[in-house]
Amino acid sequence: MDMEFHEYNFDGLIGPTHNYAGLSFGNIASASNAGAASNPKEAALQGLAKMRAAMGLGLKQGFLPPQDRPHLKTLRALGFTGTDKQIIEKAGAAEPQLLANCYAASSMWTANAGTVAPSPDTTDGKAHFTPANLAANFHRSIESDTTARTLKHIFADEKYFAHHEVLPGGIHFGDEGAANHGRLCENHGETGVHLFVYGVDGERFPARQKRRASEAVARNHCLDPVKTIFIEQSKTALDAGAFHNDVVGVANGSVLFLHEQSFADPKATYAEIRNKAPFVEIVEAPAGKVSLEDCIKSYLFNSQLLTLPGGEMALLLPAESEGNPRVKAFVDETLSKNNPINRVIYKNVRESMRNGGGPACLRLRVVLSEEEARAANAQFMLDDEKISALEAWVSEFYRDCVTPDDLRDPGLMDESFAAMQALTDLLGMGAFYDFQR
Ligand code: SUG
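No gaps in the numbering here: position 63 of the sequence shown is 64 in this note's numbering, and each next residue is one more.
Shown next, in the form of structure tokens:
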């Protein structure tokens, strides 16, 4: 068996209805841009340009397709009847905010699609997937069915891949996927140590990830308890706007890169991490140099921390981080110090950032052996030809402006479904989406 493992980043291809509806309580960017005009075409092209940049570094890149929006199946379940057009008109007149929930392109943030355990870490030697229930926000909770279908479609071979049900129980087992999960390892193919970060409601904002959800995922994924750590997020970080832990920290390989106020009890947590993962290098930003507010605005820690083919690590950061002098200075200092991080690239993903989604939110990491990668559906792996085809698809079908009022126009639905039909044709997916069934 071929034992070479690589990290594949599966980015969310940003969908044609990307808009700013202020749907996510506790996500400051989402709230402050509510009602603004979005540019779906620009958003999707920015996302693809980020994927190109990662590929340019010699990294493996895949993508998850967007979901069908507006989600008519949800609107029908909520009692809106008639033709597709009538459903949009009725919902738009009676409950415009509900309609906006059913129009969200939020499946782009695939760090929230689910949690993944690579095969070197699981007792049955398969890669395990649990789609996230995203119960904390209505517009995100309606993603999980299609996400489950998508993951099974791409990782279909039961010889290599195990799929679990979305966790039951709504917010009692609120699960936000990989955005609150990290994996430390000496090499991607060695058994990893899993960090599961959960929250407890703050004074201002509710916690989305529940400890018992993280525990259930760890059980489902057949992880060795000696290699799992459950960590409480600090309420200070949550209340400052870190609605997911990946806004204040990221783990890759041997490195944990984070803000000193990420965890409720950093001292005990670092001790446990050092005990279970003795190889770890903790690179911490002191609040005196970079405040939590700077982190939330710049998304410094929502970077992709990437192991390059030569073994060194690069940070892929949003342009907002370069624009903040304290953050930029801390990045430069990190690069100059004796640690594996010695490259940085800044990318413009502003359309996503304005809804609180940085580079790390936009990708789901899946560590695969070469054999497992060959067993995955090649349609969702990127090369130059495929990424050019997706860019052409975006340019043909996407609008460059969507305002809240536009969501009431059934014409936007027609365009969105035409785009999704063309995408399923391009990717050989058949009648995949609810609107096609
Ligand atoms: O769940 N924003 C997303 C952003 C998710 C970011 N992901 C990670 N941190 N991994 C959310 O809050 C806003 C949609 C709107 O308001 O229109 C939104 O869903």
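Note that CB positions come from ideal geometry on N, CA and C, so glycine has one too.
A quick note: this is a predicted structure, and the numbers were derived from the prediction, not measured.
Three-state secondary structure assigned by DSSP to LYS348:
Position 347 of the sequence shown, counting from 1, holds the residue named residue 348. Looking at LYS348 - three-state DSSP - the assignment turns out to be strand.
If we ignore side chains and look at the alpha-carbon of each, how far apart do GLY431 and THR270 end up?
Numbered from 1 along the sequence shown, position 430 holds the residue referred to as residue 431. Numbered from 1 along the sequence shown, position 269 holds the residue referred to as residue 270. Going by the C-alpha atoms only, they are around 47 Å apart.
Nearest-angstrom Cα distance between ALA118 and HIS182?
Residue 118 sits at position 117 when you count from the first residue of the sequence shown. Residue 182 sits at position 181 when you count from the first residue of the sequence shown. Straight-line Cα distance between these residues: approximately 10 Å.
Here's the rule: buried if 16 or more other CB atoms are within 10 angstroms of the residue's CB, otherwise exposed. What is ALA94?
Against the sequence shown, residue 94 aligns to sequence position 93. Counting Cβ neighbours within 10 Å, ALA94 comes out exposed, since fewer than 16 surround it.
Helix, strand or coil at ARG366 [DSSP, three-state]:
In the sequence shown, counting from the first residue as 1, residue 366 sits at position 365. In the structure shown, ARG366 sits in a strand (DSSP, three-state: E or B).
Would you mind stating whether GLY175 and ALA136 have Cβ atoms separated by less than 8 Å?
Walking along the sequence shown from the start, residue 175 turns up at place 174. Walking along the sequence shown from the start, residue 136 turns up at place 135. In this structure, ALA136 lies closer than 8 Å to GLY175 by Cβ.
Would you tell me roughly how many angstroms separate the C-alpha atoms of ILE155 and PHE381, rounded to the nearest one?
Within the sequence shown, numbered from 1, the residue matching residue 155 stands at position 154. Within the sequence shown, numbered from 1, the residue matching residue 381 stands at position 380. The alpha-carbon atoms of ILE155 and PHE381 are separated by roughly 7 Å.
Measuring alpha carbon to alpha carbon, tell me which residue in LEU365, GLN262, ARG205, ALA38 is nearest ASP1.
Outside the displayed span of the chain (2 to 438) sits residue 1, for which this structure offers no information.
Inter-residue Cα distance where the pair is TYR21 and PRO279:
Here residue 21 is taken as the residue at index 20 of the sequence shown, counted from 1. Here residue 279 is taken as the residue at index 278 of the sequence shown, counted from 1. Computed Cα separation, rounded: 44 Å.
Segment limits, beta strand (DSSP E) that includes PHE139:
As a working mapping, residue 139 is identified with position 138 in the sequence shown. Per DSSP, PHE139 belongs to no beta strand (DSSP E); it is in the alpha helix (DSSP H), 139-142.
DSSP state of THR111 mapped onto helix, strand, coil
For this step, residue 111 is matched to residue 110 along the sequence shown. If DSSP states are grouped into helix, strand and coil, THR111 belongs with the helices.
Range covered by the beta strand (DSSP E) that runs through GLU8
The count along the sequence shown starts at 1 and reaches residue 8 at position 7. That run of the beta strand (DSSP E) goes 6-13.
From the DSSP output, which residues share a beta bridge with GLN437?
Locating residue 437 in the sequence shown gives position 436, counting from the first residue. Answer is none; GLN437 lacks a bridge partner.
Per the contact definition of three or more C-beta pairs closer than 8 Å, is the region 43-61 in contact with the region 88-103?
Verdict: no, contact absent.
With H, G and I counted as helix, E and B as strand and the rest as coil, what does DSSP make of HIS129?
The residue given as residue 129 occupies position 128 in the sequence shown. In the three-state reduction of the DSSP assignment, HIS129 falls in the strand class, which pools E and B.
Would you list the one or two residues that DSSP bridges to HIS164?
Mapped onto the sequence shown, residue 164 falls at position 163. Paired residues: PHE130.
Do LEU365 and ALA241 have their C-beta atoms closer together than 8 Å?
Your numbering for residue 365 matches position 364 in the sequence shown. Your numbering for residue 241 matches position 240 in the sequence shown. No, Cβ-Cβ distance for LEU365 and ALA241 is not below 8 Å.
Spatial distance of THR1 from ALA286 (CA atoms):
As shown, the chain starts at 2 and ends at 438. That puts residue 1 outside it, with no answer to give.
Compare the beta carbon distance of ALA377 and LEU293 with 8 Å and say whether it is the shorter of the two.
Counting from one through the sequence shown, the residue named residue 377 turns up at place 376. Counting from one through the sequence shown, the residue named residue 293 turns up at place 292. No.
Going by DSSP, what residues sit across from HIS19 in a beta bridge?
Taking the sequence shown and counting its residues from 1, one reaches residue 19 at position 18. BP columns for HIS19 are empty, so no partner.
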